[in-house]
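What follows is one structure encoded as structure tokens, with my remarks underneath.
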Amino acid sequence: MTNEAQAAPREYRWRMPANWWTRNRHYFLYVVREFTVVPIALWLLWLLVEIKRAGDGPARYSPHGSAAFVVFSVITLVFALYHSYTFLSLAGVIIHFKVLDRPLPSRLIVLAQFALWAVASVVVGFVLIWFAR
Amino acid sequence: MADKRITIQATRYDPDKDERPRLQSYEIPFSDDSMVVLDALNYIKSEVDGSLSYRWSCRMGICGSCGMMVNGTPKLTCNAFLRDYWPRPVVVEPLNNFPVIRDLVIDMDDFMHKLKAIKPWIIRRQEIPLGAGEHRQTNEQIDDFRQFSQCINCMLCYAACPVYGLNNEFLGPAAIALARRYNLDSRDQGLKQRLPVIADNEGVWECSFVGECSVVCPKGVDPAKAIQQTKLETTMRFVLPYGNRD
């Protein structure tokens, strides 16, 4: 062992506690935000299965309509709304537009995104209802 | 007022004796509403226990050396008023996510290496001779990077970042914010030299946008914004035709 190694101070190595995300409201909301994609991904996988079945013809198509699935769908919808809300709010921080050499305020960008979201929802809803008639 | 007292629980760690850090309580006079946590530590060191170790320098929120965890939140102790905590005890611990050298002193070598890696200075392909005069900027050009230039390297953002806590290979908030400060500077031409570090897996892409770095910054810098904007910019450079230009 060299003299330098002998002289090196012994440091206490920091370890992240397993419950770190419960110690702060922001950490908790962050983990919830990240977790919401799990049920959304599962629901979308099931949607792909339903689309495949629908493509195989009316005889094989039997949409899943149990009470448990309806509850799961409602919970997934709440998670999807929460995730979309956080995503669009945060995206306003990221996007950096300049008009006439002046940066657009983040608030305006966020509002524009929420407006686009509302318009897209109305259009998709209209198309679904129109073709389902 | 003269009888008012406050309990300070400070982390003690002697690497030659202790297996792990422990808290030690000190009850001290809280004689003045303008007292900050750093004043309390200075009182303990000068009047109660001279062996307590911690870093500090300017006492006015400029040097960035007195950052510690105060009741679990990363704070500059010169800017954390005891009146905001009294009559509850104030727990003062070393900054999270860093190795502890002694008591409240952390090892900041990792941050220093990361800071150096992003080359936080103006890089020119060819230096302009002094005789050519100053390199002028408009107010709008300064506004582009001004907020990121307020960083005082206090490392509170690293202590608040769970991503850095879980993987200390992550370049981290302050280093990326400073890289963005120079990349946005109209005088700088060093983007290509910084890209291999900031666009690396352990660079901006390790960040999952917790956002706590921006919440705790004592100077109003928004490192989370710098990181997400860098993600967008590096992606556009990759995707757009001729995007990889200087």
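First to last, the sequence lines map onto chains A and B. Residues -4 to 128 (this note's numbering) make up the first sequence, in order. Residues 89 to 334 (this note's numbering) make up the second sequence, in order. Virtual Cβ for every residue (Gly too), placed ideally from N, Cα, C. Note that the coordinates shown come from a computational prediction; the quantities given were computed from them, not determined experimentally.
Throw me the rounded Cβ distance for the B/TYR142 and B/ASN159 pair, which I believe falls under 8 Å. The residue given as residue 142 of chain B occupies position 54 in the second sequence. The residue given as residue 159 of chain B occupies position 71 in the second sequence. The C-beta separation of B/TYR142 from B/ASN159 comes to about 16 Å, leaving the pair out of contact by the 8 Å criterion.
DSSP state of B/GLN225 mapped onto helix, strand, coil: Here residue 225 of chain B corresponds to residue number 137 of the second sequence, with the count starting at 1. Coil.
Chain-ordered residues of the region 87 to 112 of chain A with a beta carbon less than 7 Å from chain B: Within the region 87 to 112 of chain A, VAL88, ILE89, HIS91 and ASP96 place their CB atoms closer than 7 Å to a CB of chain B, listed in sequence order.
In the DSSP assignment, what are the bridge partners of B/GLY155? Sequence index remark: in the second sequence, residue 155 of chain B carries index 67 (1-based). Looking at the DSSP output, B/GLY155 shares a beta bridge with B/LEU164.
Answer yes or no: do B/LYS133 and B/LEU140 have a C-beta to C-beta separation smaller than 8 Å? In the second sequence, counting from the first residue as 1, residue 133 of chain B sits at position 45. In the second sequence, counting from the first residue as 1, residue 140 of chain B sits at position 52. It is a contact, given that the beta carbons lie within the stated cut-off.
A/MET(-4) versus B/PRO109 - alpha carbon distance: In the first sequence, counting from the first residue as 1, residue -4 of chain A sits at position 1. In the second sequence, counting from the first residue as 1, residue 109 of chain B sits at position 21. Note that A/MET(-4) scores a pLDDT of 46, beneath 50, so its modelled location is shaky; the value from the coordinates is reported in the next line. Their Cα atoms are separated by approximately 27 Å.
Counting contacts by CB-CB distance shorter than 8 Å, is B/PHE236 in contact with chain A? Translated into positions along the second sequence, residue 236 of chain B becomes position 148. Not one chain A Cβ lies under 8 Å of B/PHE236.
Any beta carbon of chain E sitting closer than 8 Å to that of A/HIS21? In the structure shown, chain E cannot be found, because the protein chains are A and B.
Taking 8 Å as the CB-CB limit, is B/GLU181 close to chain A? On the second sequence, residue 181 of chain B is found 93 positions in, with the first residue counted as 1. No, its Cβ sits nowhere closer than 8 Å to a Cβ of chain A.
Please work out which residues of its chain come closer than 6 Å, Cβ to Cβ, to B/LEU203, disregarding the five sequence neighbours upstream and downstream, and give them in chain order. Translated into the one-based positions of the second sequence, residue 203 of chain B becomes position 115. A distance below 6 Å between beta-carbons, with the five flanking residues on each side excluded, links B/LEU203 to the following residues of its chain, in chain order: ALA263.
Distance, Cα to Cα, B/ASN185 vs B/LYS163? Within the second sequence, numbered from 1, the residue matching residue 185 of chain B stands at position 97. Within the second sequence, numbered from 1, the residue matching residue 163 of chain B stands at position 75. Counting only the Cα atoms, B/LYS163 lies some 14 Å from B/ASN185.
Per-residue burial, B/PRO329 [other beta carbons within 10 Å of its own, 16 or more giving buried]: Within the second sequence, the letter at position 241 stands for residue 329 of chain B. Around the Cβ of B/PRO329, a 10 Å sphere holds fewer than 16 other Cβ atoms; the residue is exposed.
For B/VAL178, the first and last residue of its enclosing beta strand (DSSP E): Translated into positions along the second sequence, residue 178 of chain B becomes position 90. For B/VAL178, the enclosing beta strand (DSSP E) starts and ends at 178 to 181.
I'd like to know if B/TYR246 contacts chain A, where contact means its C-beta is closer than 8 Å to some C-beta of that chain. Looking up residue 246 of chain B in the second sequence gives position 158. Chain A, which has no Cβ nearer than 8 Å to the Cβ of B/TYR246, makes this no.
What do you get for A/ALA0, buried or exposed, if any count of 16 or more other CB atoms within 10 angstroms of its CB means buried? Position 5 of the first sequence, counting from 1, holds the residue named residue 0 of chain A. In this prediction, A/ALA0 scores a pLDDT of 49, lower than 50, which makes its location untrustworthy; no coordinate-derived value is stated.
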